[in-house]
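For reference, the structure discussed in these notes is given below.
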Amino acid sequence: MGLAGAKVKPKIFLQGLLAITAMLILDAVFVGEDRQAPRLEPPDSKIGELLAKTLAPDNPPRKTVSIWVCFTNKGPSGIASLQAALDRVERELDPRCLWRRSKICKSGRLVDSADLPLFSPYIDRLRPCVERIRTTSRWLNAVSADVRPREVRRIAGLPFVRRVELVRSFRRSEPPTPPLNSLWLDFADPVVGFYGRSFTQINQINVWPLHQMGYSGHGVIVCLMDSGFRTRHEIFRHARLIAQHDFVNGDDDVSRDFGDPNDYSDAHGTGTWSLLGGYKPGELIGPAFGADFILAKTETDNFEQPIEEDYWVAGIEWAEGLGAEVVSSSLGYLDWYTFDDMDGNTAVTTRAANRAASLGVVVVNAAGNERDSLWGHIIAPADGFEVIACGAVDAIGQIASFSSPGPTADGRTKPEVCALGVNNWLAANLEDKSDTYRTGSGTSFSTPLVAGVAALLLEIHRDWTPVEVRRALMSTASLSQNPNNDYGWGIVDAALAADVGWVSLGLEGFSVDDDSSGPSAGDGDGQAESGETIEIAVRLKNKGRSLVSGLRGRIGIANPEIVIMQPEANYPPIAPGEISTADSAFVVRIPWGFLSRPVFFWLRVEGARGLILSDWVPVFVFR
Ligand SMILES: [Ca+2]
Ligand SMILES: [Ca+2]
Ligand SMILES: [Ca+2]
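Mapping to the numbering used here: the sequence shown position 211 is 222, numbers consecutive.
As structure tokens, this is what we get:
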């Protein structure tokens, strides 16, 4: 069983397995050869298929190749010394890691043999055969290293080496940035004004009610794994950064390195961190701006040198050990895996993500930007069983043209949920101007929004496990009753998922009346057309668990040509789960000669305590 060939059938990983069982199974996946008698195998049989292909004589010769070297065990030890070693590891674990693991493992040991360090004499014996050790993984019981091709057989021949295989590479595709819709926001509104242009992304997933209640992810450790981070950007001035490590360069500074290939190496991570945890009123607010952050630089964001899976695995192991409760990341297009591998248990990153989840870490990963590419599917580790895969929608809730669809290779619905991933407002890293902002698109940018919501849920419910966080997000999202492989369970509703009694309203739909009865004046063909006065009846759904009353709706629009004649409407009380239309409709007059296009009315609904819902009502107007 090797890194490439290992395929434990997914049915073993049925969701809802007791976590301790999951740990034992994962243990078997990673170090299951421990207890077997040493095998004397010819070196070639230990060389993974992909590595063998790469080194085949018909391929162009390479100076070095990056490989995983998996060891047979963690050193010769009897049961007694194994127990002592486990005791030692458990004592050394960070208290915040122990606490988080204890949510899952209610009794017994909080560590297993996958937590034991590598047997250092093996590494010492390996060292003369390699150009450079890249990183090590306790969970995989493996070392990654750059080696000369001719050394591969010699390494495979070492008696303590179980298998060697290629380190896979990923490449992130940047989706096209669509033209901006002219959506108008009233920044004079105190709620909108506080969030600035980030209101759209925060409002769509209903985060601001939790901020108003005082939640911001305080006390929750969130790890971002990305291309590097401009930590000096003003948006992070209030962020509590408790640890950082650069796995690519082996230092403790995740900002741009002198030797990095271009000036933009920290652009992607700066953007994702700002979306999750930025704080600048009037400009940009992330869902979990009050969290404790740990940052891992695990990619170079370099076209020539794509993202490599070994740094990602090292990063998530490190974060887990520090007590990370949420990990947010996005990898990218897979150069080496096939869709059949997206079965939740094959890609190295997926298996590491599964183990992190089984230890209590909520892993949130981008679904990918590959809808229209040759790949056409979700990307690892989004295929993981408890991994929350994030798709991307635009400001009016339509799936982004690039957002990778499910299902997984074994037929599970993916992604889990969606958030804004088209024209998000995020911190930029333009040349040397550190305090700028920009728009950006991609599932990379919807992911940190959802990860931020996960941190809010964990702040409110300290005992929730990854299974519970995932279930809360899915069961309260916009398509929870009829999920599909584009949106998953739909757009997140943070206030509803948090289950704190916040009145949560959804825009259920609307209808346009263009007949000549009542205030409307038109030809009655059911289409809104230039020259007509129309009535817009908006239906609201009470998604919460208590009756809502005293609701007032008000619409606004950026386009001054359209005259709003009746901007307000009162709603009757709405029982939980019920849908209601206002007693009277909104009335608007469309001028003659109006060009055919969608028109976006901004609807805000207030209750006794102020704003409850803000959303867009898109009406198509024909000439
Ligand atoms: Ca560095
Ligand atoms: Ca009418
Ligand atoms: Ca009409």
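The C-beta atom is built at its ideal place from N, Cα and C for all residues, glycine as well.
Just so you know, these numbers come straight off a predicted model, no measurement behind them.
Backbone CA spacing between Ala39 and Glu185 [nearest angstrom]
Here the question's residue 39 lines up with position 28 in the sequence shown. Here the question's residue 185 lines up with position 174 in the sequence shown. Reliability fails at Ala39, whose pLDDT of 35 lies under 50, so the model's placement of it is uncertain and no value is given.
Quick check on this structure: which residue in Glu572, Val373, Asn356, Thr75 has the alpha carbon closest to the alpha carbon of Ile327?
Taking the sequence shown and counting its residues from 1, one reaches residue 327 at position 316. Selection Glu572, Val373, Asn356, Thr75 evaluated against Ile327 yields Val373 as nearest (Cα-Cα).
Length of the line joining the Cα atoms of Gly355 and Ser148
Sequence index remark: in the sequence shown, residue 355 carries index 344 (1-based). Sequence index remark: in the sequence shown, residue 148 carries index 137 (1-based). Rounded to the nearest whole angstrom, the CA to CA distance from Gly355 to Ser148 is 20 Å.
Any contact between the stretch 255-265 and the stretch 230-245? By contact I mean 3 or more CB pairs, one from each, below 8 Å.
Yes, they touch.
Taking the runs of the beta strand (DSSP E) that are 3 residues or longer, which of them lie wholly in the stretch 198-282?
When DSSP assignments are scanned along the stretch 198-282, the uninterrupted stretches of beta strand (DSSP E) that are 3 or more residues long and fall wholly within it turn out to be 232-237, 251-257.
Closest residue to Leu342 among Arg366, Ala596, Arg550, Asn376 (Cα-Cα distance):
The residue labelled residue 342 in the question sits at position 331 within the sequence shown. For Leu342, the closest alpha carbon among the candidates Arg366, Ala596, Arg550, Asn376 is that of Asn376.
Out of Asp200, Pro584, Thr357, Met224, point me to the one whose CA is closest to Leu7's CA.
A query on residue 7 cannot be resolved here, the shown segment of the chain reaching from 12 to 634 and no further.
With hydrogens ignored, establish whether the beta-carbon of Gly225 is closer than 7 Å to any heavy atom of ligand 2.
Taking the first residue of the sequence shown as position 1, residue 225 is located at position 214. No, the beta carbon of Gly225 sits no closer than 7 Å to any heavy atom of ligand 2.
Please give me, in chain order, every unbroken run of the beta strand (DSSP E) with length at least 3 that falls completely inside the stretch 131-165.
With a minimum length of 3 residues, the continuous beta strand (DSSP E) runs that stay inside the stretch 131-165 are 143-148, 153-158.
Which residue from Met353, Pro416, Ser369, Val202 puts its Cα closest to that of Asp394?
By 1-based counting over the sequence shown, the position of residue 394 is 383. Checked all of Met353, Pro416, Ser369, Val202; the closest Cα to Asp394 is Met353.
Rounded to a whole number of angstroms, what is the C-alpha to C-alpha distance between Asp268 and Arg241?
Within the sequence shown, residue 268 is the residue found at index 257, counting from 1. Within the sequence shown, residue 241 is the residue found at index 230, counting from 1. Their Cα atoms are separated by approximately 11 Å.
Taking the alpha-carbon of Asn280 as reference, which of Val523, Ala586, Gly451 has the nearest alpha-carbon?
Position 269 of the sequence shown holds residue 280. The displayed chain sequence assigns Gly, not Asn, to residue 280. That would be Gly451, whose Cα lies nearest to the Cα of Gly280.
Taking a contact to mean a Cβ-Cβ separation below 8 Å, would you say Ala465 touches Val337 in this structure?
By 1-based counting over the sequence shown, the position of residue 465 is 454. By 1-based counting over the sequence shown, the position of residue 337 is 326. Contact: yes.
Sequence-ordered residues whose beta carbon comes within less than 7 Å of a heavy atom of ligand 3
Any residue whose Cβ sits closer than 7 Å to a heavy atom of ligand 3 makes the list: Asp525, Gly533, Asp534, Gly535, Asp536, Gly537, Gln538, Ala539, Glu540, Glu543.
Neighbourhood of Val163 by C-beta distance below 8 Å, restricted to the same chain and skipping five residues each side
Here residue 163 refers to the residue found at position 152 of the sequence shown. Contacts found: Ile58, Leu62, Leu66, Val76, Ile78, Val175.
Rounded C-alpha distance that separates Leu614 from Leu177
Taking the first residue of the sequence shown as 1, we reach residue 614 at position 603. Taking the first residue of the sequence shown as 1, we reach residue 177 at position 166. So the two alpha carbons sit approximately 54 Å from each other.
Backbone CA spacing between Thr454 and Trp436 [nearest angstrom]:
Residue numbering aside, residue 454 sits at position 443 when the sequence shown is read from its first letter. Residue numbering aside, residue 436 sits at position 425 when the sequence shown is read from its first letter. Going from the Cα of Thr454 to the Cα of Trp436 covers about 14 Å.
Could you pull out every unbroken beta strand (DSSP E) segment of at least 3 residues lying fully inside the stretch 352-439, listed in chain order?
Fully enclosed beta strand (DSSP E) runs of 3 or longer: 373-377, 399-404, 428-431.
Please indicate yes or no: does the CB of Asp237 lie closer than 7 Å to some heavy atom of ligand 1?
Counted from its first residue, the sequence shown places residue 237 at position 226. Checking the Cβ of Asp237 against ligand 1 gives no.
For the 8 Å Cβ check, are there 3 or more pairs between the stretch 294-312 and the stretch 207-214?
In the pairwise beta carbon analysis, the stretch 294-312 is classified as touching the stretch 207-214: at least three pairs are separated by under 8 Å.
Please report the straight-line C-alpha distance between Ile166 and Cys140, rounded to a whole angstrom.
Counting from 1 along the sequence shown, the entry for residue 166 is found at position 155. Counting from 1 along the sequence shown, the entry for residue 140 is found at position 129. Straight-line Cα distance between these residues: approximately 7 Å.
For Arg634 and Ile623, I'd like the C-alpha separation in whole angstroms.
Counted from its first residue, the sequence shown places residue 634 at position 623. Counted from its first residue, the sequence shown places residue 623 at position 612. Cα to Cα, the separation comes out at about 34 Å.
State the start and end residues of the unbroken beta strand (DSSP E) segment that holds Asp626.
In the sequence shown, residue 626 corresponds to position 615, counting from 1. Following the DSSP letters along the chain, one finds Asp626 inside the beta strand (DSSP E) bounded by residues 621-633.
Hey, would you say the C-beta of Lys308 is under 7 Å away from at least one heavy atom of ligand 1?
Taking the sequence shown and counting its residues from 1, the one referred to as residue 308 is at position 297. Yes, the Cβ of Lys308 comes within 7 Å of a heavy atom of ligand 1.
For Lys117, does the three-state DSSP call read helix, strand or coil?
The residue given as residue 117 occupies position 106 in the sequence shown. The three-state reading of DSSP puts Lys117 in coil, since its state is none of H, G, I, E or B.
For Arg143, is the classification buried or exposed, using 16 other Cβ atoms within 10 angstroms of its Cβ as the cut-off for buried?
Numbered from 1 along the sequence shown, position 132 holds the residue referred to as residue 143. Taking a 10 Å sphere around the C-beta of Arg143, we find fewer than 16 other C-beta atoms and assign the residue as exposed.
When you measure from the CB of Gly293 to every non-hydrogen atom of ligand 2, does any distance come out below 7 Å?
Translated into positions along the sequence shown, residue 293 becomes position 282. Not under cutoff, so the answer is no.
Close-in-space but distant-in-sequence residues of the same chain around Ala438 (CB under 7 Å, 5 per side omitted)
Numbered from 1 along the sequence shown, position 427 holds the residue referred to as residue 438. Closer than 7 Å at Cβ, skipping near neighbours: His244, Ile246, Thr281, Gly282, Ser285, Gly289, Leu295, Tyr448.
Beta-carbon proximity of Leu287 to Ala462, cut-off 8 Å
Within the sequence shown, residue 287 is the residue found at index 276, counting from 1. Within the sequence shown, residue 462 is the residue found at index 451, counting from 1. With a cutoff of 8 Å on beta-carbon distance, Leu287 and Ala462 are scored as near each other.
I'd like to know if Phe611 contacts chain C, where contact means its C-beta is closer than 8 Å to some C-beta of that chain.
Included in the structure is just one protein chain, with no chain C present.
With a threshold of 16 other CB atoms inside 10 Å of the CB of Met576, please say whether the residue is buried or exposed.
For the purposes of this step, residue 576 is taken as the residue at position 565 of the sequence shown. Flag for Met576 reads exposed.
Would you list the residues sitting across from Arg600 in a DSSP beta bridge?
Here residue 600 refers to the residue found at position 589 when the sequence shown is read from its first residue. Answer is Thr544, Val574.
So, at 6 Å on beta carbons, what are the nonlocal neighbours of Gly588 in its own chain, with the 5 sequence-adjacent residues on each side left out?
The residue labelled residue 588 in the question sits at position 577 within the sequence shown. Within the same chain, Gly588 has no close Cβ partners at all.
Below 7 Å, is the gap between the Cβ of Ser528 and the nearest heavy atom of ligand 2?
In the sequence shown, counting from the first residue as 1, residue 528 sits at position 517. Ser528: yes, Cβ under 7 Å from ligand 2.
Alpha helix (DSSP H) runs wholly inside the stretch 86-111, at least 4 long, in chain order
Counting whole runs of 4 or more residues, the stretch 86-111 contains the alpha helix (DSSP H) stretches 90-103.
Expressed to the nearest angstrom, what Euclidean distance is found between the alpha-carbon atoms of Leu333 and Cys108?
Along the sequence shown, one-based indexing puts residue 333 at 322. Along the sequence shown, one-based indexing puts residue 108 at 97. So the alpha carbons of these two residues sit roughly 6 Å apart.
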